[in-house]
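Here the sequence shown stands for residues 542 to 806, numbered as in the numbering used here. The block underneath contains the structure these notes are about, expressed in structure tokens.
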Amino acid sequence: KKELNEFELLEVWELIPRPYKVVVITLKWIYKVKLNELGEILKSKARLVSRGYRQEEGIDFEESFAPVARLDVIRIFFAYAAHMNTIVYQMDVKTTFLNDMLREEFYSKYALESLKKYGMESSDLVDIPTVEKSKLDEDTQGKTVDPTYYHGMVGTPMYLTTSRPDLTFVVCMCARYQAKPTEKHLHGAKRIFKYLRGTINRGLWYAKDSSNALTAYADTDHAGCKDTRRSTFGSMQLLGDRLVSWSSKRQKSVTISSTKAEYIA
Numbered sequence: 542k543k544e545l546n547e548f549e550l551l552e553v554w555e556l557i558p559r560p561y562k563v564v565v566i567t568l569k570w571i572y573k574v575k576l577n578e579l580g581e582i583l584k585s586k587a588r589l590v591s592r593g594y595r596q597e598e599g600i601d602f603e604e605s606f607a608p609v610a611r612l613d614v615i616r617i618f619f620a621y622a623a624h625m626n627t628i629v630y631q632m633d634v635k636t637t638f639l640n641d642m643l644r645e646e647f648y649s650k651y652a653l654e655s656l657k658k659y660g661m662e663s664s665d666l667v668d669i670p671t672v673e674k675s676k677l678d679e680d681t682q683g684k685t686v687d688p689t690y691y692h693g694m695v696g697t698p699m700y701l702t703t704s705r706p707d708l709t710f711v712v713c714m715c716a717r718y719q720a721k722p723t724e725k726h727l728h729g730a731k732r733i734f735k736y737l738r739g740t741i742n743r744g745l746w747y748a749k750d751s752s753n754a755l756t757a758y759a760d761t762d763h764a765g766c767k768d769t770r771r772s773t774f775g776s777m778q779l780l781g782d783r784l785v786s787w788s789s790k791r792q793k794s795v796t797i798s799s800t801k802a803e804y805i806a
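Structure below.
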């Protein structure tokens, strides 16, 4: 009832005679039970949606997109706001399916819950997330492990890479072996959590006393992937001293020299 009242209040639709030779989009109710962090039921929700998959692009509509900003753009916005010493306000508008206001301890809480989920809250600490000069390979002779469990261990820290650039390289490397993970790959994924436990409070810091000059850095290894002999490059972009964008990606082709690998990067 609440959903229908919102539709009427916002004048979402208008009753008109059915036009000739026009595809009518039918509606569907989507039901969901909202739970709290303890798994207890908070409330039942209902959402009325249209079956847009019945439409044909170019005939019934011209373009379709979700107006969501890229994380790089959001970080640039916060960096510039810090530079201008401007207060940033965030709000949640009801019925527009936006997230609630983020709390300051959000990422720390997520990281702590991740450690607890995989039994790593009391694990040994390590200084770096990957073993120095040691890279994973397909490990075709290794003992396989549960792919679902491994997917979860890799996917969990992948979300943290939005604010933890120090995790990006090793998480991307572990993600290459989700099809057939072995104990060797699982050991590499667990090391990420050991590193995370000792660096739980790390994150981005955007100071206001910094310039607004854009600086970019890029580098690459040579034939770093043991399976394909392809190189992996990394890049980072800063506004003054504020890191706003970074990436780590394996190149699409094999290079015969480090010079060419760096040129491609």
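For glycine and all other residues, C-beta sits at the position ideal for the given N, C-alpha and C.
Closest Cα partner of residue i within the set the options
i           : options               : result
residue 739 : 624, 658, 683 and 652 : 652
residue 591 : 566, 546 and 777      : 566
residue 771 : 762, 778, 779 and 777 : 762
residue 792 : 806, 697 and 800      : 806
residue 660 : 690, 677, 750 and 561 : 690
residue 732 : 794, 750, 664 and 588 : 664
residue 680 : 587, 801 and 729      : 729
residue 572 : 713, 749, 587 and 623 : 587
residue 692 : 621, 713 and 705      : 713
residue 624 : 581, 754, 795 and 741 : 754
Nearest-angstrom Cβ-Cβ length linking residue i and residue j, presumed shorter than 8 Å
i           : j           : result
residue 727 : residue 784 : Not really, about 30 Å apart at Cβ, beyond 8 Å.
residue 736 : residue 667 : 5 Å
residue 489 : residue 622 : Here the chain comprises residues numbered 542 to 806, so residue 489 is not present and cannot be evaluated.
For residue i, three-class secondary structure by DSSP
i           : result
residue 655 : helix
residue 855 : The requested residue 855 is not part of the displayed model; the chain covers only 542 to 806.
residue 758 : strand
residue 791 : strand
residue 745 : coil
residue 709 : helix
residue 569 : strand
residue 694 : helix
residue 806 : coil
residue 660 : coil
residue 718 : coil
residue 730 : helix
residue 612 : helix
residue 767 : coil
Residues bridged to residue i [DSSP beta-bridge criterion]
i           : result
residue 575 : 584
residue 786 : 778
residue 592 : According to DSSP, which records beta bridges pairwise, residue 592 is partnered with nothing at all.
residue 685 : 723
Neighbourhood of residue i by C-beta, 8 Å cutoff - its chain only, sequence neighbours within 5 removed
i           : result
residue 798 : 763
residue 688 : 719, 720, 721 and 722
residue 709 : 702, 775, 787, 788 and 789
residue 706 : 777, 784 and 787
residue 677 : 714, 715, 717, 718, 725, 726, 729 and 767
Same chain, Cβ closer than 6 Å to residue i, five either side skipped, listed in chain order
i           : result
residue 619 : 747
residue 759 : 776 and 806
residue 779 : 756
Cut-off 7 Å between Cβ atoms - residues of its own chain near residue i, not counting five sequence neighbours on either side
i           : result
residue 570 : 587 and 589
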